[in-house]
């Protein structure tokens, strides 16, 4: 019996990758390309499965986000009106990323930049989960704003829920109960909430976000810099860059 010839490694791997139904490969070069492509696909798939909002970071500097800076003019904000830098958080209020940002990052942002008058901090009405009651949460927050309690209501929503890696679930009655806990005029709140006073506006403003391709929660806009959810140090660096620009340095 003749000695068996050892196949090159790339070809020897076929037994693990292909079966009898695999189309005929024209050359070893084509085979290498297929194997390499398969490895890349596996790596990409693994990255998607391992995705966590806390681990993502991206940044751009583009004028395409300027419309957001003007659209927030009538929205509630934290900070001083004359603050030179605008920071907008795009966050679905019921998503775990919004809860993590509130618990981990926002306090540092308040101490260093909001309370010192360097930034105005806004929240853009954002509905990432279309099947949850996220739009109702946003309606409730803006109905509370009619009584100057937007941030108190928002803080309560984020404080009472546990910080786990799943979405918060509240009923429509829960939102009314929260208004009562916060000593809002419940007749006015319920009339606003049940009447859907802000529903159309929220859907319209949220569609602006979708058209801009902002699809992760939370995403931060620092003037024209766009960042996916990140650690305070990275957000801090983005704000410092804007301060340098404002000072003409």
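Numbering (the UniProt record's numbering), first residue to last: 1 to 249. Don't be surprised by glycine CBs; every beta carbon is placed ideally from N, CA and C. All of these numbers come straight from a predicted model, not from anything done at the bench.
Take residue 214, set aside five residues on each side of it, and the residues of its chain with a beta-carbon closer than 7 Å to its own are 90, in chain order. Counting of Cβ neighbours within 10 angstroms places residue 248 among the exposed residues, the total staying below 16. Assigned with DSSP and collapsed to three states, residue 172 falls in helix. By the C-beta criterion, the region 104 to 115 is judged not to be in contact with the region 137 to 157, since fewer than 3 inter-stretch pairs fall below 8 Å. Residue environment: residue 82 is assigned as exposed (fewer than 16 neighbouring CB atoms within 10 Å of its CB, all protein chains considered). For the set 166, 137, 167, the Cα lying nearest the Cα of residue 177 is the one of 137. The three-state secondary structure of residue 85, taken from DSSP, is strand.
Scanning its chain for C-beta atoms nearer than 7 Å, with the 5 sequence neighbours on each side dropped, one finds no residue around residue 191. Judged by DSSP in its simplified three-state form, residue 159 adopts helix. Taken through DSSP and simplified to helix, strand or coil, residue 228 comes out as strand.
For the options 122, 143, 116, the alpha carbon positioned closest to that of residue 69 is the one of 122. Distances from the CA of residue 209 to each of 168, 119, 124 were compared; the closest alpha carbon is that of 124.
Taken in chain order, the complete alpha helix (DSSP H) segments of 4 or more residues contained in the region 84 to 154 are 96 to 100, 106 to 109, 134 to 145. Annotation: residue 179 to residue 103 spans about 22 Å, alpha carbon to alpha carbon.
By the Cβ neighbour-count rule, residue 206 is buried, with 16 or more other Cβ atoms within 10 Å of its own. Nearest neighbour of residue 72 by Cα position, chosen from 243, 227, 201, turns out to be 201. Looking at 171, 76, 66, the one whose alpha-carbon comes closest to that of residue 94 is 171.
Distances from the CA of residue 64 to each of 228, 212, 79, 237 were compared; the closest alpha carbon is that of 212. Of the candidates 66, 186, 175, 204, 175 places its Cα closest to the Cα of residue 141.
In chain order, 184, 185, 188, 189 place their CB closer than 8 Å to the CB of residue 147, counting only its own chain and leaving out the 5 sequence neighbours on each side. Contact between residue 126 and residue 217 holds: CB atoms are separated by about 6 Å, below the 8 Å threshold. One alpha carbon belongs to residue 76, the other to residue 120, and they sit about 10 Å apart. By DSSP's assignment, residue 219 forms a beta bridge with 90, 228.
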